[in-house]
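*Asks:* One structure, pasted below without further comment.
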Amino acid sequence: MRTPGEPETASAPNESSSRAAAAARLVPAGLAALGVYVALEWLGFIHEVKGLPATPWNPGLGVVFALVALDGPLAAAVLFAGIVLAEILVVDTVLSWPLVLAVAAIETGCYAAAGLLALRAFRIDPRLGHLRDVLLLLAAGLAGACIVAVLLTVLLIAFGDLGLRDVLAATVPLLVGDIIGIAVITPLVLRLAAAWRAGELAFAPALALEAASTAAVIGACLWLVTASPGPEGFKYFHLLALPVVTAAVRHGLDGACLALAGVQLGLVALLHLHGHDIRAFTEYQALMLVLTATGLVVGVVVSERRAAERLARAAERRAKAREAEAAQAGRFHLVSSMASALAHEITQPMTAARALARAAQHILQTPGGDLARAETNLATVIAQIDHAGAVIRRTRDLLRRGAPVRDPIAIATLVDDVLAIAAADPHAHGVAFVTDVPAGLPDVTGDRVQLQQVLLNLVRNAVEAIAAARVPNGRVSIAAARPAATSGDAPPDAALPGIEITVSDNGPGVSDDLVETLFEPLVTSKPEGLGLGLAMCAAIVEQHGGRIALVSGAPGATTFRVTLPIEGSASRP
17 MRTPGEPETA SAPNESSSRA AAAARLVPAG LAALGVYVAL EWLGFIHEVK
67 GLPATPWNPG LGVVFALVAL DGPLAAAVLF AGIVLAEILV VDTVLSWPLV
117 LAVAAIETGC YAAAGLLALR AFRIDPRLGH LRDVLLLLAA GLAGACIVAV
167 LLTVLLIAFG DLGLRDVLAA TVPLLVGDII GIAVITPLVL RLAAAWRAGE
217 LAFAPALALE AASTAAVIGA CLWLVTASPG PEGFKYFHLL ALPVVTAAVR
267 HGLDGACLAL AGVQLGLVAL LHLHGHDIRA FTEYQALMLV LTATGLVVGV
317 VVSERRAAER LARAAERRAK AREAEAAQAG RFHLVSSMAS ALAHEITQPM
367 TAARALARAA QHILQTPGGD LARAETNLAT VIAQIDHAGA VIRRTRDLLR
417 RGAPVRDPIA IATLVDDVLA IAAADPHAHG VAFVTDVPAG LPDVTGDRVQ
467 LQQVLLNLVR NAVEAIAAAR VPNGRVSIAA ARPAATSGDA PPDAALPGIE
517 ITVSDNGPGV SDDLVETLFE PLVTSKPEGL GLGLAMCAAI VEQHGGRIAL
567 VSGAPGATTF RVTLPIEGSA SRP
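Residue numbers (the working numbering): 17 to 589.
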């Protein structure tokens, strides 16, 4: 705990130690990068042209530029130290020490600024997954190389080490060599670093034969190019596009970078072996620059396409997973709705059975009670329980088979059964039931219990609406008849060949805002309703090839109509 007046420096030792540890880790990495830079400068056959450190290509610069793009401008310290060491160990420079330090400072400052521009202003992705990133990286490197060439030329002219007539001869090789070094080596280093950090850097033995074949083709083409006297080799240079583009098409940007590095290294080595001068180096490097741009563009386009295909496949997998989840959610919703509907439909007969059983119990406990009435109540209780059991059984069969049972059903018997069950509802006291079922109506085809459930639900809704509104002289009517012939102006499906059963009541009616959505799930006018009864009725009737509709929702004249196909007629799907 800090005492009063003590400065808040308790965390300073920890921060200092963490910085020291980070610096300690950077030292060996920086020394390794410095060694790589000097070795690559030696391989690039660097030499001075009129005091400028010109080279056919500058691979060390490509490595350091990639480090700047990855880790920021601090990596440019390697470039400064590498330039100074290369001037001493490789070039054996004739420049004075102030000029050597000035050259190193100019190159370091310019390429650090170019790398910072690519990293932060252009916001390139170091993985170079898009053509934009490659083009912006090359643009930043080109800008840095141009500024370096101009500043070094001005510096040497100012100190008298370079004449105006020697500007092009000195600056063009420097500019081309730096651009080639960045264009060939920087993308390769960035791709290798990205693969290393992602843990994807691995050697595949299956690629060894292909790599050897590509190297052989590149070597043969390079030998033909460099061994030809004078300008004859230039016309064969375009043969190198074949292995480079093939590698790019086969393996994307990674293949293009490796093939270009092999071409560049072999080109410089063979040019040096055949004794070509700096002018020939520069001319060949100009062609190499075109080949590099072509290979990189083809490689990154192939990589982009493959990345897009991977993303499309991943999106397809996610879509299939979402579809499976939606199907599972749909099944869960269906089961949940069926369970809710089942509970809704079983609650009513069980409630009526409980009320009747308690009434029978009360009669039996009363001395001199009406035993006949108790017996009637118990018979009705049995009927209610049997009905609830039949609902459960038919629902289980429906889920198991996927289709309702098809049996011939007499309309008069169906209506009588419904009224016998509905009359036991406590809300039905004071409500008159009226039936109008003519004799001789043909039977309908369907599941008896399910059709009973439809009519029972309509009757109970009417009874409950009358009881809730306290309508005096409540009345519920059930009528059955053959549908009337439709007029020529009516739609084709205005009437079905079958039996129409209407359920009418003199209750408060149906509000206008519910008329359009009355048969949809979760739509109800009851304070404690689930909104599943009429939706389930519509589903059952449609499964039977029929149709249910609200004919009138007016107060005192509410009418629902159920149309069912007769036995032997074709039912609608």
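Glycine included, every Cβ here is placed at the ideal spot set by N, Cα and C.
1) Rounding to the nearest angstrom, what Cα-Cα distance links Pro75 and Ile195 in this structure?
2) Buried or exposed for Gly215, please, with buried defined as at least 16 other CB atoms from any protein chain shown within 10 angstroms of its CB.
3) For Trp113, count neighbouring C-beta atoms within 10 Å of its own C-beta (all shown protein chains included) and say buried if the count is 16 or more, exposed if not.
4) Taking buried to mean at least 16 other C-beta atoms within 10 Å of its own C-beta, is Ala573 buried or exposed?
5) Please state whether DSSP places Leu580 in a helix, a strand or coil.
6) For a quick check, are the C-beta atoms of Val601 and Gly46 less than 7 Å apart?
7) Quick check on DSSP: helix, strand or coil for Ile140?
8) What's the C-alpha gap between Val188 and Leu223?
9) Taking 7 Å as the cut-off, decide whether the C-beta atoms of Pro89 and Leu151 are in contact.
10) Taking the Cβ atom as the reference point for each residue, do Ala97 and Val54 lie within a distance shorter than 7 Å?
11) With H, G and I counted as helix, E and B as strand and the rest as coil, what does DSSP make of Thr575?
12) Gly197 and Gly268: beta carbons closer than 7 Å?
13) So is Glu22 buried or exposed if we call it buried at 16+ other beta carbons inside 10 Å?
14) Give me the DSSP bridge partner(s) of Asp423.
15) State the CB to CB distance for the pair Cys273 and Leu204, rounded to an integer number of angstroms; the pair is presumed to be in contact (CB under 8 Å).
16) Can you tell me the Cα-Cα spacing of Thr363 and Gln469, whole angstroms?
17) Enumerate in chain order the residues of its own chain whose CB-to-CB distance from Phe449 is below 6 Å, with the five nearest sequence positions on each side excluded.
18) Near Ile437, what residues of its chain come up, given a Cβ to Cβ distance below 7 Å and the 5 sequence neighbours on each side ignored?
19) Could you compute how far the alpha carbon of Val539 sits from the alpha carbon of Ser527?
20) Ignoring anything shorter than 4 residues or poking outside the stretch 237 to 279, list the alpha helix (DSSP H) runs there in chain order.
21) Please list the terminal residues of the continuous alpha helix (DSSP H) segment that includes Thr382.
22) Below 8 Å, can you find three or more Cβ-Cβ pairs linking the stretch 301 to 311 to the stretch 242 to 261?
23) Thinking Ile494 and Gly523 are a contact (beta carbons under 8 Å), I'd like their distance in whole angstroms, please.
*Replies:* Reading from the atomic positions:
1) 10 Å
2) exposed
3) exposed
4) exposed
5) strand
6) Nothing in the structure corresponds to residue 601, since the chain is present only between 17 and 589.
7) coil
8) 38 Å
9) Judged by beta-carbon spacing, Leu151 lies beyond the 7 Å limit of Pro89, meaning their Cβ atoms are not closer than that value.
10) no
11) In this structure, Thr575 counts as strand in the three-state DSSP scheme.
12) One thing to note: Gly197 has its Cβ no nearer than 7 Å to the Cβ of Gly268.
13) With a pLDDT of 48 at Glu22, under the threshold of 50, the modelled position of this residue cannot be trusted, and the question is left open.
14) Gly462
15) Confirmed, Cβ separation roughly 4 Å.
16) 13 Å
17) Leu435, Val492
18) Pro365, Ala399, Gln400, His403, Leu472
19) Reliability fails at Val539, whose pLDDT of 44 lies under 50, so the model's placement of it is uncertain and the value that follows must be treated cautiously. For Val539 and Ser527, the distance between alpha carbons rounds to 12 Å.
20) Taken in chain order, the stretch 237 to 279 contains no complete alpha helix (DSSP H) segment of 4 residues or longer.
21) No alpha helix (DSSP H) contains Thr382, which DSSP labels as neither H nor E.
22) yes
23) The beta-carbon separation of Ile494 and Gly523, rounded to 15 Å, does not stay under the 8 Å limit for a contact.
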